[in-house]
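Residue numbers (the numbering used here): 9 to 262.
Beneath this line is the structure, given in structure tokens, with notes to follow.
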């Protein structure tokens, strides 16, 4: 009898998974890989994304509550091409999830493998093979012509200072038009509220505006990189320059 109990204890201890009350499989650290959409949904999306991207009230209109809602968004998933899929690029860069710990390297790799495998609603190969690319030998370089005589270098034109930028332009032309859909109200995305000057300057985690240092200002780096806004028209280069000049000139309330 004691031997039978010992055998049962060893068998149960060897299990490397657990189930949620709903029956969804949750991987433990001993599980080797995530190889189906159901496992990505249960282990990554449900735990890290649905707080903001769930159903009709999903932030920025990005609904991750089901396979159908994800695939209905052509910008979110490009089956077979992770680098052009917004879902992958946002978690790979660390921009998402907002206000929460970034995904682990293994979780990001699982999303990449799923998309590159065609983003199926089922199992996939976690290590898809990369098609071989034929090596093309470039043609021989032509015989170089004699170098032309050097042209005298003209005197440099004195640099002109950047035009004075105002907070009024930044608020009305950038924040109001491209940001307030997510970054306003009682519960703004990532706790970044861009409703007015006082709230903009009060955002310290992350540091939204660092007066005089656009490169250290979260708002500028997110907009300049194209990560924000996540959907819809991007901010034009001209307006990005206005935002940069305003911050570098001290971010005054003018």
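C-beta atoms are modelled at their ideal positions from N, C-alpha and C, and glycine is treated no differently.
Bear in mind the structure is a predicted one, so any value in this text is a computation, not a measurement.
- Burial state of residue 71 is buried, judged by a 10 Å Cβ sphere holding 16 or more other Cβ atoms.
- Per the C-alpha coordinates, the member of 115, 245, 47, 46 positioned closest to residue 181 is 245.
- Setting aside the 5 residues that flank it on each side, residue 88 is surrounded in the same chain by 126, each with a C-beta closer than 6 Å to its C-beta; the list follows chain order.
- By the C-beta criterion, the region 107-119 is judged not to be in contact with the region 144-152, since fewer than 3 inter-stretch pairs fall below 8 Å.
- Cβ neighbours of residue 164 within its own chain (closer than 8 Å, five residues either side excluded): none.
- Using a Cβ-Cβ distance cut-off of 8 Å, the region 219-226 and the region 248-258 are in contact, since at least three pairs of beta carbons, one from each stretch, lie closer than that value.
- Along the region 173-229, the alpha helix (DSSP H) occurs as fully enclosed runs of 4 or more residues at 175-178, 205-210, listed in sequence order.
- Look at residue 246 here: in three-state DSSP terms it is helix.
- For residue 103, the secondary structure class from DSSP, reduced to helix, strand or coil, is coil.
- No residue range can be given for residue 131, since it is assigned to no alpha helix (DSSP H) and is classified by DSSP as neither H nor E.
- By alpha-carbon distance to residue 117, the top candidate from 232, 261, 41, 227 is 41.
- When 236, 242, 228, 235 are compared, the shortest CA-CA separation from residue 250 is found for 228.
- DSSP places residue 78 in the uninterrupted alpha helix (DSSP H) bounded by 75-79.
- Here residue 90 is buried, its C-beta having at least 16 other C-beta atoms within 10 Å.
- Residue environment: residue 144 is assigned as exposed (fewer than 16 neighbouring CB atoms within 10 Å of its CB, all protein chains considered).
- Annotation for residue 67: 60, 61, 190, 197 place their beta carbon closer than 7 Å to its own, counting only its chain and skipping 5 residues before and after.
- Exclusion of the five residues before and after residue 186 leaves 237, 243 as the residues of its chain whose Cβ lies within less than 6 Å of its Cβ.
- Around the beta carbon of residue 104, 16 or more other beta carbons lie within 10 angstroms, which makes this residue buried.
- The beta carbon of residue 261 sits closer than 7 Å to the beta carbons of 175, 205 from its chain, once the five residues preceding and following it are set aside; these are given in chain order.
- Residue 121 counts as buried, since no fewer than 16 other beta carbons sit within 10 angstroms of its beta carbon.
- The C-beta of residue 50 has 16 or more other C-beta atoms within 10 Å across all chains shown, which makes the residue buried.
- Looking at 247, 93, 98, the one whose alpha-carbon comes closest to that of residue 56 is 98.
- Inclusion of residue 96 and residue 53 in the CB contact set at 8 Å is not warranted, their separation being larger than that value.
- Proximity to residue 258 across 233, 213, 209, 248 peaks at 209, based on C-alpha coordinates.
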